[in-house]
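Colleague:
2 protein chains.
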Amino acid sequence: MKNFSIAKSRRLRSTPYTDRIEAHGVSSYTVYNHMLLPASFKSLESDYHHLKKYVQVWDVAAERQVEISGKDSSKLVQLMTCRDLSKSKVGKCYYAPLIDNDGLLVNDPIINKLAEDKWWLSIADADVIFFAKGLAAGNKFEVEINEPNVNILAVQGPLADDLMSKLFGEEIRKLKFFNFDYFELKGHKYFIARSGWSKQGGFEVYVDNDIAGQNLYDYLFEEGKEFNVKPGCPNLIERIEGALLSYGNDFDNRDNPFEANFDKFIHLDSDVDFLGKEKLKKIREKGITRKLMGVKIEHNKIDMYCEKTLFADSKEVVGYVRSATFSPTFNKVIGIAMINKPYWNAKNQFNIEINEKIYVGSVCDLPLV
Amino acid sequence: MKNFSIAKSRRLRSTPYTDRIEAHGVSSYTVYNHMLLPASFKSLESDYHHLKKYVQVWDVAAERQVEISGKDSSKLVQLMTCRDLSKSKVGKCYYAPLIDNDGLLVNDPIINKLAEDKWWLSIADADVIFFAKGLAAGNKFEVEINEPNVNILAVQGPLADDLMSKLFGEEIRKLKFFNFDYFELKGHKYFIARSGWSKQGGFEVYVDNDIAGQNLYDYLFEEGKEFNVKPGCPNLIERIEGALLSYGNDFDNRDNPFEANFDKFIHLDSDVDFLGKEKLKKIREKGITRKLMGVKIEHNKIDMYCEKTLFADSKEVVGYVRSATFSPTFNKVIGIAMINKPYWNAKNQFNIEINEKIYVGSVCDLPLV
Chain A
249 MKNFSIAKSR RLRSTPYTDR IEAHGVSSYT VYNHMLLPAS FKSLESDYHH LKKYVQVWDV
309 AAERQVEISG KDSSKLVQLM TCRDLSKSKV GKCYYAPLID NDGLLVNDPI INKLAEDKWW
369 LSIADADVIF FAKGLAAGNK FEVEINEPNV NILAVQGPLA DDLMSKLFGE EIRKLKFFNF
429 DYFELKGHKY FIARSGWSKQ GGFEVYVDND IAGQNLYDYL FEEGKEFNVK PGCPNLIERI
489 EGALLSYGND FDNRDNPFEA NFDKFIHLDS DVDFLGKEKL KKIREKGITR KLMGVKIEHN
549 KIDMYCEKTL FADSKEVVGY VRSATFSPTF NKVIGIAMIN KPYWNAKNQF NIEINEKIYV
609 GSVCDLPLV
Chain B
249 MKNFSIAKSR RLRSTPYTDR IEAHGVSSYT VYNHMLLPAS FKSLESDYHH LKKYVQVWDV
309 AAERQVEISG KDSSKLVQLM TCRDLSKSKV GKCYYAPLID NDGLLVNDPI INKLAEDKWW
369 LSIADADVIF FAKGLAAGNK FEVEINEPNV NILAVQGPLA DDLMSKLFGE EIRKLKFFNF
429 DYFELKGHKY FIARSGWSKQ GGFEVYVDND IAGQNLYDYL FEEGKEFNVK PGCPNLIERI
489 EGALLSYGND FDNRDNPFEA NFDKFIHLDS DVDFLGKEKL KKIREKGITR KLMGVKIEHN
549 KIDMYCEKTL FADSKEVVGY VRSATFSPTF NKVIGIAMIN KPYWNAKNQF NIEINEKIYV
609 GSVCDLPLV
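Chains A and B supply the protein sequences, listed in that same order. Quick note on my numbering: the first sequence kicks off at 249 and runs consecutively. Quick note on my numbering: the second sequence kicks off at 249 and runs consecutively.
1) In the DSSP assignment, find the beta strand (DSSP E) that holds B:Asp429 and state where it starts and stops.
2) Do we get a CB-CB distance below 8 angstroms when we pair A:Tyr465 with the residues of chain C?
3) Would B:Tyr265 count as contacting chain A if we go by Cβ distances under 8 angstroms?
4) Under three-state DSSP, which class holds A:Glu293?
5) Keeping to the same chain, check which residues put their C-beta closer than 7 angstroms to that of A:Lys529; ignore five residues upstream and five downstream.
6) Any C-beta of chain A within less than 8 angstroms: which residues of the region 366–379 of chain B qualify?
7) Does the CB of A:Thr278 have a neighbour CB from chain B at under 8 angstroms?
8) Runs of 3 residues minimum, wholly inside the region 429–487 of chain B: which ones carry the beta strand (DSSP E) assignment?
9) Would you list, in sequence order, the uninterrupted beta strand (DSSP E) runs of no fewer than 3 residues that lie entirely inside the region 363–397 of chain B?
10) As an exercise, report each continuous beta strand (DSSP E) stretch of at least 3 residues that is fully enclosed by the region 276–320 of chain B, in chain order.
11) Could you say which of B:Tyr343, B:Asp409, B:Ser288 lies nearest to B:Lys512 if we only look at CA atoms?
12) So, with DSSP's three-state summary, where would you put B:Met654?
13) What do you get for B:Gln597, buried or exposed, if any count of 16 or more other CB atoms within 10 angstroms of its CB means buried?
14) Could you check whether the Cβ of B:Lys250 sits closer than 8 angstroms to any Cβ belonging to chain A?
15) In the DSSP assignment, find the alpha helix (DSSP H) that holds A:Ile531 and state where it starts and stops.
16) Run through DSSP, which three-state label would B:Ser575 get?
17) Using a Cβ-Cβ cut-off of less than 8 angstroms, give me the residues of the region 545–575 of chain A that come near chain B, in sequence order.
18) Looking at C-beta atoms only, is the number of pairs between the region 536–543 of chain B and the region 576–594 of chain B that lie closer than 8 angstroms three or more?
19) Assign B:Arg259 to buried or exposed, taking buried as 16 or more other Cβ atoms, counted over all protein chains shown, within 10 Å of its Cβ.
20) Starting from B:Ile269 and walking both ways along the alpha helix (DSSP H), at which residues does that stretch end?
21) Look at the alpha carbon of B:Ala572 and the alpha carbon of A:Asp561, and state the distance between them as a whole number of angstroms.
22) Counting only beta-carbon separations shorter than 8 angstroms, does A:Asp348 have a partner in chain B?
23) Would you say B:Arg268 lies against chain A (beta-carbon separation less than 8 angstroms)?
24) Give the C-beta separation of A:Ile269 and A:Pro479 to the nearest angstrom, bearing in mind that I take them to be a contact with Cβ-Cβ under 8 angstroms.
25) Step through the CB atoms of chain B and report whether any lies within less than 8 angstroms of the CB of A:Ser322.
26) With 16 other CB atoms within 10 Å as the buried threshold, where does B:Lys549 fall?
27) Listed in chain order, which residues of the region 596–609 of chain A have Cβ atoms closer than 7 angstroms to some Cβ of chain B?
28) In whole angstroms, what is the alpha-carbon distance linking A:Phe431 and A:Lys366?
29) Any C-beta of chain A sitting closer than 8 angstroms to the C-beta of B:Ser291?
30) Give a yes or no on whether the minimum CB-CB distance between B:His282 and chain A is below 8 angstroms.
31) Label B:Glu533 either buried or exposed according to how many other C-beta atoms from any shown protein chain fall within 10 Å of its C-beta, with 16 as the threshold for buried.
32) Name, please, each residue of chain A whose Cβ falls closer than 7 angstroms to the Cβ of B:Gly450.
33) If contacts are defined as beta-carbon pairs under 8 angstroms, then A:Leu484 and A:Leu292 qualify, I think. What distance do you get, rounded to the angstrom?
34) Does any residue of chain B have a CB that is nearer than 8 angstroms to the CB of A:Ile582?
35) So, for B:Asp320: in the same chain, excluding its five sequence neighbours on each side, which residues have a beta-carbon less than 7 angstroms away from its beta-carbon?
36) Could you pull out every residue in the same chain whose Cβ sits closer than 8 angstroms to the Cβ of A:Cys612, ignoring the five residues on either side in sequence?
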């Protein structure tokens with residue numbers, strides 16, 4: 249695939265860490281929530297091997313926060329998601345599909361409950377803020393909605409606990425998955441969650457002060473030498489292996505949450521009121537005809553810039569692969585695909601055209617094993 | 249400025265024309281409405297000179313449409329904009345600022361009225377679809393909202409009429425500015441507006457069929473040889489000279505429409521109901537303290553990836569430049585800046601730091617002359 253450069257502008261916002269990651273050798277960017285998100289440093293494969301063995305610092309400021317606060321904030325947040333948040337607790341993070349009035353997916357943020365009347369929706373790539381503003385205005389809710397200047401640094405990898413406890417103290421090791429708390433370092437209190445867009449473990453630091461964030465970036469590299477710390481970013485190979493879904497890649501506003509395997513977060517029998525509830529009940533009753541599954545393809549290379557069709561020998565469409573990459577662990581191309589119901593049995597075979605040649609692949613469960 | 253490559257994926261959608269513009273030598277991309285938008289071909293300056301003399305074909309599929317139809321569609325569209333659309337007519341295009349409940353800008357689309365109950369909002373870079381969906385759900389409007397598969401080809405430049413009339417017939421020369429109509433070519437009816445994101449004149453073809461669009465792309469190059477047709481894209485130099493504003497660059501959701509000089513589209517004394525009307529009345533009463541103006545800087549180069557501060561000799565802040573580039577016509581750097589009220593008199597001087605050196609500039613009116 250030919251390389252094209254990215255034309256920077258204010259509209260593709262830089263982050264407080266951009267100068268640092270460029271000095272650290274970022275080689276490609278994607279754009280996410282109108283912001284630069286690094287996509288590779290040394291190479292996808294080299295970054296992948298390092299992430300699975302050591303610890304990386306990621307500039308994921310592009311995971312923007314939609315802050316919703318005020319009297320009706322709980323009502324508004326609940327209205328947007330099919331996950332029942334009625335028993336949610338301050339200090340916890342909730343992965344929650346957002347749904348529109350047609351029962352279709354709008355986003356899959358992590359919802360952080362900061363107080364009974366204050367929430368941060370840590371969003372995937374779409375302007376959830378305007379969805380919230382539209383709903384609030386239409387329902388005449390008493391809420392304040394804005395995008396705070398919060399720029400996340402993620403610390404990911406098996407040595408993340410060692411590095412973070414060296415900086416923030418042993419207490420941080422006890423922080424449970426999808427919980428957050430405040431930890432102090434050199435006079436600044438950092439909001440830190442045990443979370444992150446990898447399956448290698450680690451933390452996300454929600455930094456609300458640019459200087460404190462830049463200082464933290466530098467401390468992590470100074471103190472991380474003994475753990476072989478390196479700059480990194482969400483890694484395409486690792487995230488497909490771990491079946492971490494990407495809004496806009498694997499699913500979008502034309503898919504419903506059952507098709508994207510969000511079943512355990514779709515609380516149709518709860519008492520809470522949310523958009524699309526009746527539509528989703530009808531979909532549940534009728535059943536879906538396609539869903540996201542894994543695929544493995546017997547080849548060593550694939551360039552994805554739109555979905556690719558998977559065919560049966562009969563020429564019937566098996567489904568569409570939406571994300572894919574070569575995995576050195578599987579030693580083949582792996583991907584996430586929307587598969588039609590007749591082909592849901594794992595190990596069903598298909599054909600796919602890559603660069604004008606036909607390759608063979610098979611359907612498999614997620615996460616890939 | 250160092251070059252970084254763009255990491256393609258399904259999430260940064262390709263267009264039906266991507267293969268063609270890559271064959272035609274696109275050199276950089278930006279991302280706009282989650283889609284690839286070409287940013288340069290030969291070079292910014294070379295593209296600029298050609299655009300002002302001949303005719304270019306632009307892949308501006310990234311100007312996505314939000315289609316709003318149904319019984320309450322007019323009510324919803326009006327609710328989103330401070331421009332009075334009560335006398336709007338089918339076949340016309342309306343440039344219209346979208347406003348939220350706080351009186352802040354959400355977008356500045358061209359609103360195309362396709363029928364009394366069918367509208368296309370041809371949007372700048374933000375997910376207006378979710379704003380519309382939120383408002384529709386909250387107000388229980390009977391509307392359908394979706395993003396149709398429409399991929400615009402723009403034909404821009406002083407020879408655009410010659411090329412387009414060669415393909416579509418002499419009738420098309422009579423199409424008035426910001427009007428649209430349907431024109432047939434080889435069996436396909438194309439929706440064509442006299443509009444486009446340059447001041448050089450031309451058309452935008454709203455193509456609703458991928459094959460018809462690809463055919464049109466090819467016809468334009470086959471028939472355009474005598475007019476020296478070339479591939480192009482919205483040109484940073486030309487659009488700053490012409491003061492064509494860019495959402496996300498020159499203004500965003502923290503600015504109000506008075507600050508962005510949209511005064512003639514803010515119809516506070518009309519009878520129509522729209523979001524933020526009372527807030528805007530208060531802003532009008534109180535008056536604004538900053539607004540967008542032009543700037544000229546005595547230098548030959550500037551790289552913009554965030555706003556840059558403009559200082560008076562007193563060290564007081566004059567304002568912030570948000571878009572800027574070197575203009576070969578002005579033989580200096582020109583830009584669009586948010587200027588504080590004490591400095592609104594054109595010719596006020598300021599200092600700006602570019603690459604650790606101080607340069608002198610002056611404030612001027614828009615469009616630049």
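Here a beta-carbon is modelled for each residue, glycine too, at the ideal position from N, C-alpha and C. Small disclaimer: the values here were computed from a predicted structure and weren't measured.
Modeller: So, to answer that:
1) The count along the second sequence starts at 1 and reaches residue 429 of chain B at position 181. B:Asp429 -> beta strand (DSSP E) spans 428–433.
2) As a matter of chain content, chain C is missing from the structure shown, whose protein chains are A and B.
3) Translated into the one-based positions of the second sequence, residue 265 of chain B becomes position 17. No, no contact with chain A.
4) For the purposes of this step, residue 293 of chain A is taken as residue 45 along the first sequence, with counting starting at 1. When DSSP states are grouped into helix, strand and coil, A:Glu293 belongs to the helix group.
5) Here residue 529 of chain A refers to the residue found at position 281 of the first sequence. Leu516.
6) Along the region 366–379 of chain B, the positions whose C-beta sits under 8 angstroms from a C-beta of chain A are Asp373, Ala374, Asp375, Val376, Ile377, Phe378, Phe379, read in chain order.
7) By one-based count along the first sequence, residue 278 of chain A stands at place 30. Yes, contact with chain B.
8) 436–441, 450–455, 478–480
9) 366–370, 392–394
10) 276–280, 283–288, 304–307, 313–317
11) What you label residue 512 of chain B is simply residue 264 of the second sequence in a count that begins at 1. B:Lys512 has its Cα closest to that of B:Tyr343, out of B:Tyr343, B:Asp409, B:Ser288.
12) The first residue shown for chain B is 249 and the last is 617, placing residue 654 of chain B beyond what the model contains.
13) Your numbering for residue 597 of chain B matches position 349 in the second sequence. The residue is exposed, with fewer than 16 neighbouring Cβ atoms inside 10 Å.
14) Position 2 of the second sequence, counted from the start, is the residue given in the question as residue 250 of chain B. Cβ-Cβ to chain A under 8 angstroms: yes for B:Lys250.
15) Taking the first residue of the first sequence as 1, we reach residue 531 of chain A at position 283. Its alpha helix (DSSP H) spans residues 525–534.
16) Position 327 of the second sequence, counted from the start, is the residue given in the question as residue 575 of chain B. Residue state, collapsed to three classes: strand.
17) Asp551, Met552, Tyr553, Cys554, Glu555, Arg570, Ser571
18) Short answer: they touch.
19) For the purposes of this step, residue 259 of chain B is identified with residue 11 of the second sequence, where counting begins at 1. Its Cβ being crowded by 16 or more others within 10 Å, B:Arg259 is buried.
20) Locating residue 269 of chain B in the second sequence gives position 21, where the first residue counts as 1. Here the alpha helix (DSSP H) through B:Ile269 covers 266–271.
21) For the purposes of this step, residue 572 of chain B is taken as the residue at position 324 of the second sequence. For the purposes of this step, residue 561 of chain A is taken as the residue at position 313 of the first sequence. The alpha-carbon atoms of B:Ala572 and A:Asp561 are separated by roughly 55 angstroms.
22) Stepping through the first sequence from its first residue, residue 348 of chain A is reached at position 100. Yes, A:Asp348 counts as interfacial toward chain B.
23) Translated into the one-based positions of the second sequence, residue 268 of chain B becomes position 20. So, not an interface residue.
24) On the first sequence, residue 269 of chain A is found 21 positions in, with the first residue counted as 1. On the first sequence, residue 479 of chain A is found 231 positions in, with the first residue counted as 1. Indeed, because the Cβ distance is near 6 angstroms, the residues count as touching under 8 angstroms.
25) Within the first sequence, the letter at position 74 stands for residue 322 of chain A. Answer no: the Cβ-Cβ gap between A:Ser322 and chain B never drops below 8 angstroms.
26) In the second sequence, the residue the question calls residue 549 of chain B occupies position 301. Counting every other CB atom within 10 Å of its CB across the protein chains shown gives B:Lys549 a total below 16, marking it as exposed.
27) Correct list: empty, as no residue qualifies.
28) Residue numbering aside, residue 431 of chain A sits at position 183 when the first sequence is read from its first letter. Residue numbering aside, residue 366 of chain A sits at position 118 when the first sequence is read from its first letter. Using only the alpha carbons, I get a separation of about 20 angstroms.
29) Sequence index remark: in the second sequence, residue 291 of chain B carries index 43 (1-based). No - not a single Cβ of chain A is within 8 angstroms of the one on B:Ser291.
30) As a working mapping, residue 282 of chain B is identified with position 34 in the second sequence. Closer than 8 angstroms: yes.
31) For the purposes of this step, residue 533 of chain B is taken as residue 285 along the second sequence, with counting starting at 1. Taking all protein chains shown into account, B:Glu533 has fewer than 16 neighbouring C-beta atoms within 10 Å of its C-beta and is therefore exposed.
32) Numbered from its first residue, the second sequence carries residue 450 of chain B at position 202. Within chain A, no residue comes near B:Gly450; the closest Cβ sits about 22 angstroms away, beyond 7 angstroms.
33) Locating residue 484 of chain A in the first sequence gives position 236, where the first residue counts as 1. Locating residue 292 of chain A in the first sequence gives position 44, where the first residue counts as 1. Contact flag correct, Cβ pair sits at about 6 angstroms.
34) Along the first sequence, read from residue 1 onward, the residue named residue 582 of chain A stands at position 334. Answer no: the Cβ-Cβ gap between A:Ile582 and chain B never drops below 8 angstroms.
35) Along the second sequence, read from residue 1 onward, the residue named residue 320 of chain B stands at position 72. Excluding positions up to five away in sequence, the list reads Phe389, Glu390, Val391.
36) Taking the first sequence and counting its residues from 1, one reaches residue 612 of chain A at position 364. Only Met541, Gly542, Val543, Lys544, Ala594, Lys595 meet the Cβ criterion.
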